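As you go down the protein sequences, you meet chains A and B in turn.
When you read off a place in the first sequence, starting at 1, and then add 8, the result is the number in the numbering used here.
When you read off a place in the second sequence, starting at 1, and then add 4, the result is the number in the numbering used here.
Think of the CB as a built atom: it goes at the ideal place given N, C-alpha and C, for glycine as much as any other residue.
This one's a predicted model, so the numbers in the text were calculated from it and none came from an experiment.
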Amino acid sequence: MEKIIRIESKTLVLPLDDVDTDQIIPARFLTTTTRDGIGNALFADWRYDANGEPNADFVLNGPDVAGCEVLVAGRNFGCGSSREHAPWALVDFGIRAVVSTAIADIFRNNSLKNGLVPVIVDADTHQYLLDNPGITVIVDVKQRTLSLPDGRTATFPIDGFSRHCIMNGIDQLGFLRQQEAAIADFETNRPWTP
Amino acid sequence: MSGKSLFEKVWDEHIVVPETDDAPAVLYIDLHLIHEVTTPQAFALLKDQQLSVRRPDLTLATMDHSTPTVPVTTLKDLEVVAEAPAAAQIRAMIDNCEHFGIELYGFGSEYRGIVHVIGPELGATQPGKTIVCGDSHTSTHGAFGALAFGIGSTEAAHVLVTQCLLQRKPKIMAVTIDGALQTGVSAKDVILALIGQIGVEGGVGHVIEYLGNPLAGLNMEQRMTICNMTIEGGARAGMMAPDAITLEYLAGRPQAPAGADWDAAVERWRKLPSDPDARFDREVSLDASRLEPMITFGTNPGMVIPVTQPVPTDTGDPSFRKALDYMQVEAGKPILGKAIDIVFIGSCTNSRMTDLRQAAEMIKGHKVADSVRMLVVPGSQSIKAEAEAEGLDEIFISAGAEWRESGCSMCLGMNGDVVGRGQLAVSTSNRNFEGRQGVGARTVLASPATAVASAISGTIADPRELNRH
Ligand code: SF4
Chain A
9 MEKIIRIESK TLVLPLDDVD TDQIIPARFL TTTTRDGIGN ALFADWRYDA NGEPNADFVL
69 NGPDVAGCEV LVAGRNFGCG SSREHAPWAL VDFGIRAVVS TAIADIFRNN SLKNGLVPVI
129 VDADTHQYLL DNPGITVIVD VKQRTLSLPD GRTATFPIDG FSRHCIMNGI DQLGFLRQQE
189 AAIADFETNR PWTP
Chain B
5 MSGKSLFEKV WDEHIVVPET DDAPAVLYID LHLIHEVTTP QAFALLKDQQ LSVRRPDLTL
65 ATMDHSTPTV PVTTLKDLEV VAEAPAAAQI RAMIDNCEHF GIELYGFGSE YRGIVHVIGP
125 ELGATQPGKT IVCGDSHTST HGAFGALAFG IGSTEAAHVL VTQCLLQRKP KIMAVTIDGA
185 LQTGVSAKDV ILALIGQIGV EGGVGHVIEY LGNPLAGLNM EQRMTICNMT IEGGARAGMM
245 APDAITLEYL AGRPQAPAGA DWDAAVERWR KLPSDPDARF DREVSLDASR LEPMITFGTN
305 PGMVIPVTQP VPTDTGDPSF RKALDYMQVE AGKPILGKAI DIVFIGSCTN SRMTDLRQAA
365 EMIKGHKVAD SVRMLVVPGS QSIKAEAEAE GLDEIFISAG AEWRESGCSM CLGMNGDVVG
425 RGQLAVSTSN RNFEGRQGVG ARTVLASPAT AVASAISGTI ADPRELNRH
């Protein structure tokens, strides 16, 4: 997993609420057994028309998309299924941070394990971002802040452990495996067995 | 000190290492359900790092999501009926289970079915357990008083390797459902109404515990319907305390404890219900006696109205407008009477015997409207067999519906069962997201009763009207 400490990028703005994982990556792309090229399916049904041609008015097909690493979305981004294909597709496309006022739980968890920073900000900052697409923002994972071009900053919540893992590109499985003794102990000593 | 809630009791019993400011808790998992779609990348990680599955005995595997609902008796059949990527994914599941020593309820197994249907059916889902699966509707199992929630593929790999997950303790919301349901109103309508009330992000960050009087009147299948769709309200898990109905359902199931083990388990389970002075972070109540059959009009499950009511008026909100455009419904107008193309009875929400019996009873002596294709997909092969033993298949087929092998089918349209572009479907499944049932498909979520009434009339219909004729 790539280390992320600070992201400075223009924003892409998708001003819709409750964008679900079926939109982020439709189910028909889930028959893959790898993650290869999964970014091509990102927002497939909004990005392409019935003939497979890009929809000119969809934000991901805009002229300034190259290099954009921050996606600003409406409330409750990533609701719906637990498919980790959703953050995989976003990361494969080049997105490193998603900004909203609320991000669905499972999607948020999956993002944190894939180098995609969930940035939950206050309603005012969010509205400003929605109203001003394409501005350059700085997501600072170390400081837990998002800075706007006018100098304002908003803080966002990220627990210390996830922050540490994101900043150091740490795979959490390694940490869990170090708990082996405690796990074995738990299995031996629990009062009942499943 | 206040008492403990059901959630806290289950959570506390599974803490291997407590959480601190610096690190989340290490939570032990008693049952890991796996299926073909969200595991290939997890197994690939294990193979890459040459790791093994710690507890194959606590891992329950089946095939449901991309699996065909036409009969497959040999792997050769699979190549014929499934598209190449789906067939490859199913073969990968078979190979991975073999490689890692996990028993698979695959083709030919009488227990194969939707993962959230077979866990309870086998008796593997039990009160007080922690249960996870790479699928958000794992919340279903909370109906037994288990703590059950969906995880991603990376977390699935964590559980395969360590039988544990890193978790922060969520908040708890109590939802009290009071009052008896009116005729024609079902558990599906209750959960749709609740999501309408709290909104699709209402439960984010929370586990919901359901409390209240009618719970005692709902059978396990109806309780599962409510916990199943709890995720659509944003909560990761829904829980209901075990009671006599839970015990009656579990007794004698293949993986339920037996003999002295059963007695010991019951003793343990009796201590699970929330203490009277348990504290909740948020409390919500719903008067079930006032509910009507519910129906969705938009593109998420929170966009829901009583079937007799008009679509809400336009607020100018872009997400609302986009949803109405997509659904081709008008603000302020009723959707009752709108012509439909497809009726789907199935999914982990409504594909169990209670649902199928009710649907069959209603459709008996009627015909599916000529303009409508109706698909009935039982949740598991066991349900299929039981329904056939009761002659329900005959009733559906003679009414003009299709009767299939078990699987997720048209709930997410991965296995070839899809709603066509622009078609309108009344579905007993759980998600009406854009394109969920097929590219350009329009979905209206409803109870099995509303779905059957709609199939017969060829339009969105009120099930109470059918009963009146
Ligand atoms: S039936 Fe639908 S919701 Fe349930 S597990 Fe299958 S795809 Fe998911």
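Which one of the options has the shortest CA to CA distance from residue i?
i: A150 of chain B; options: B:G123, B:G369, B:E394; result: B:G123
i: A178 of chain B; options: B:P280, B:T63, B:D61, B:V448; result: B:P280
i: N304 of chain B; options: B:T312, B:A282, B:V14, B:A327; result: B:A327
i: P71 of chain A; options: A:P141, A:D113, A:S119, A:G86; result: A:P141
i: M228 of chain B; options: B:S157, B:Q130, B:D267, B:E296; result: B:Q130
i: N217 of chain B; options: B:I309, B:I181, B:G237; result: B:I181
i: R43 of chain A; options: A:V147, A:T144, A:L184, A:L98; result: A:L98
i: F111 of chain B; options: B:A403, B:I464, B:Q385, B:W273; result: B:Q385
i: L492 of chain B; options: B:I230, B:K192, B:I135, B:L254; result: With chain B represented from 5 up to 473, any question about residue 492 of chain B goes unanswered, as that position is not in the structure.
i: R116 of chain A; options: B:R172, B:A260, B:W15; result: B:R172
i: I174 of chain A; options: A:T133, A:V67, A:D148, A:R198; result: A:D148
i: P297 of chain B; options: B:P60, B:T42, B:L470, B:M67; result: B:L470
i: T24 of chain B; options: A:S170, A:P202, A:N197; result: A:S170
Should residue i go down as buried or exposed, given a rule of 16 or more other Cβ atoms within 10 Å for buried?
i: R325 of chain B; result: exposed
i: T19 of chain A; result: buried
i: V76 of chain B; result: buried
i: A192 of chain A; result: exposed
i: I81 of chain A; result: According to the sequence displayed, residue 81 of chain A carries Ala and not Ile. By the neighbour-count rule (16 or more Cβ atoms within 10 Å), A81 of chain A is buried.
i: D30 of chain A; result: buried
i: W200 of chain A; result: exposed
i: H473 of chain B; result: Here H473 of chain B scores only 48 on pLDDT, less than 50, and its place in the model should not be relied on; the value that follows carries that caveat. By the 10 Å Cβ count, H473 of chain B comes out exposed.
i: K337 of chain B; result: exposed
i: P157 of chain A; result: exposed
i: T78 of chain B; result: exposed
i: S402 of chain B; result: exposed
i: P72 of chain B; result: buried
i: A91 of chain B; result: buried
i: N59 of chain A; result: exposed
i: G75 of chain A; result: exposed
i: D57 of chain A; result: exposed
i: Y238 of chain B; result: Going by the sequence as given, residue 238 of chain B is Gly instead of Tyr. By the 10 Å Cβ count, G238 of chain B comes out buried.
Under 8 Å, do residue i and residue j count as touching if we go by C-beta distance?
i: S190 of chain B; j: A457 of chain B; result: no
i: M243 of chain B; j: V208 of chain B; result: no
i: S289 of chain B; j: A184 of chain B; result: no
i: A131 of chain A; j: T153 of chain A; result: no
i: E92 of chain A; j: S157 of chain B; result: yes
i: F101 of chain A; j: L50 of chain A; result: yes
i: V311 of chain B; j: V347 of chain B; result: no
i: A65 of chain B; j: Y109 of chain B; result: yes
i: T234 of chain B; j: T353 of chain B; result: no
i: A445 of chain B; j: A429 of chain B; result: yes
i: A373 of chain B; j: S461 of chain B; result: yes
i: L276 of chain B; j: A245 of chain B; result: yes
i: I299 of chain B; j: A450 of chain B; result: yes
i: M2 of chain B; j: I387 of chain B; result: Residue 2 of chain B is absent from the structure shown; chain B starts at 5 and stops at 473.
i: R185 of chain A; j: V333 of chain B; result: no
i: E236 of chain B; j: I199 of chain B; result: yes
i: G15 of chain A; j: A112 of chain A; result: First, the amino acid is wrong: residue 15 of chain A is Ile here, not Gly. Not a contact, by the Cβ cut-off of 8 Å.
Quick one: does the C-beta of residue i sit closer than 7 Å to a heavy atom of the ligand SF4?
i: D285 of chain B; result: no
i: N434 of chain B; result: yes
i: H120 of chain B; result: yes
i: G93 of chain A; result: The sequence given here has His at residue 93 of chain A, not Gly. No, the Cβ of H93 of chain A stays beyond 7 Å of every heavy atom of the ligand SF4.
i: H69 of chain B; result: yes
i: D139 of chain B; result: yes
i: C352 of chain B; result: yes
i: L416 of chain B; result: yes
i: C87 of chain A; result: no
i: C76 of chain A; result: no
i: C412 of chain B; result: yes
Mind checking the region 104–122 of chain B against chain A and listing, in chain order, the residues whose C-beta falls within less than 7 Å of any C-beta there? none
Could you name the residues of the region 80–102 of chain A whose beta carbon sits closer than 7 Å to any beta carbon of chain B, in the order they occur along the chain? G82, R83, N84, C87, G88, S89, S90, R91, E92
To be precise: take each residue of the region 20–41 of chain B, compare its Cβ to all Cβ atoms of chain A, and keep it if any distance is under 8 Å. Which residues remain? V20, V21, D25, D26, A27, P28, V30, Y32, D34, L35, V41
The region 21–34 of chain A: which residues have C-beta closer than 8 Å to a C-beta of chain B, in chain order? P23, L24, D25, D26, D28, D30, Q31, P34
Can you give me, in chain order, the residues of the region 112–134 of chain A that have a beta carbon less than 8 Å from any beta carbon in chain C? Looking at the structure shown, chain C is missing, and the protein chains on hand are A and B.
Taking Cβ-Cβ distances below 7 Å as the criterion, which residues of the region 131–158 of chain B are in contact with chain A? K133, G138, D139, S140, G154, I155, G156, S157, T158
Just by C-beta distance, which residues in the region 186–198 of chain A are closer than 7 Å to chain B? Q187, A190, I191, F194
Given a limit of 9 Å on CB to CB distance, which residues of the region 223–243 of chain B reach chain A? I235, E236, G238, A239, R240
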